[in-house]
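S.K.: Every letter in the sequence shown is one number past the one before it in the working numbering, and letter 14, counting from 1, is 152.
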Amino acid sequence: MNNNELSYYRLALLSFLKDNHPDLFSDGDFVSERVELAIATYADCRKDGFDHSQAEALANTNLFNGLQFSKYNTLKKIIWEEFEQEIDNDILTTDLLPQCDEIFSQYELTDEFSYTAEFDQLYKELTGSVLIWMENEF
Numbered sequence: 139m140n141n142n143e144l145s146y147y148r149l150a151l152l153s154f155l156k157d158n159h160p161d162l163f164s165d166g167d168f169v170s171e172r173v174e175l176a177i178a179t180y181a182d183c184r185k186d187g188f189d190h191s192q193a194e195a196l197a198n199t200n201l202f203n204g205l206q207f208s209k210y211n212t213l214k215k216i217i218w219e220e221f222e223q224e225i226d227n228d229i230l231t232t233d234l235l236p237q238c239d240e241i242f243s244q245y246e247l248t249d250e251f252s253y254t255a256e257f258d259q260l261y262k263e264l265t266g267s268v269l270i271w272m273e274n275e276f
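1. Pop quiz: Asn198 and Ala176 are said to be a contact at Cβ under 8 Å. What is the actual Cβ separation, rounded to whole angstroms?
2. Whole angstroms is fine: what's the gap from Met139's alpha carbon to Ser164's?
3. Would you grab the beta carbon distance between Ala193 and Arg184 for me? Rounded to a whole angstrom, and I think it's under 8 Å.
4. Are the beta-carbon atoms of Leu264 and Ile216 separated by less than 7 Å?
5. State buried or exposed for Tyr147, treating a residue as buried only when at least 16 other CB atoms are found within 10 Å of its CB.
6. By DSSP, does Thr254 sit in helix, in strand, or in coil?
7. If you follow the alpha helix (DSSP H) that Phe188 is part of, which residue opens it and which one closes it?
8. Less than 7 Å between the C-beta atoms of Phe221 and Phe251, yes or no?
9. How far does the alpha helix (DSSP H) with Tyr245 in it reach, from first residue to last?
Next comes the structure, spelled out in structure tokens:
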């Protein structure tokens, strides 16, 4: 058995991906690389004299780097807030996500993107796309 197959970091990452990035959940290479990086970071920090909390915080920073902004959660939030009573948001989010990739690709989606002025523009564009989709489908 691989050293990181049942590690805390693997379980934490898989849980996070399932809820926030379902498209990455089954990407074994991605998951393994991140877990190995987190394990190595923790070990290096402990060797360098960091206490457990500090080492774990740095390992988690590497584990979740670049994953704080979620296309899936953004679209799910829009469907929930703007169209809550009209459609089932869990199923629709997964179905619509690939159709919204062109819109997402116009923005630099960093961990801090949700806190920028550009996020409001993205929100409006995605809301319009969902509305157009609904008009065509229903």
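Every residue gets a Cβ at the ideal spot worked out from N, C-alpha and C, and that includes glycine.
M.R.: Put simply:
1. 7 Å
2. Because Met139 carries a pLDDT of 37, less than 50, the predicted location of this residue cannot be relied on, and no value is offered for it.
3. 5 Å
4. yes
5. buried
6. coil
7. Counting along the chain, Phe188 falls outside any alpha helix (DSSP H), and DSSP gives it neither H nor E.
8. no
9. Per DSSP, Tyr245 belongs to no alpha helix (DSSP H) and is neither H nor E.
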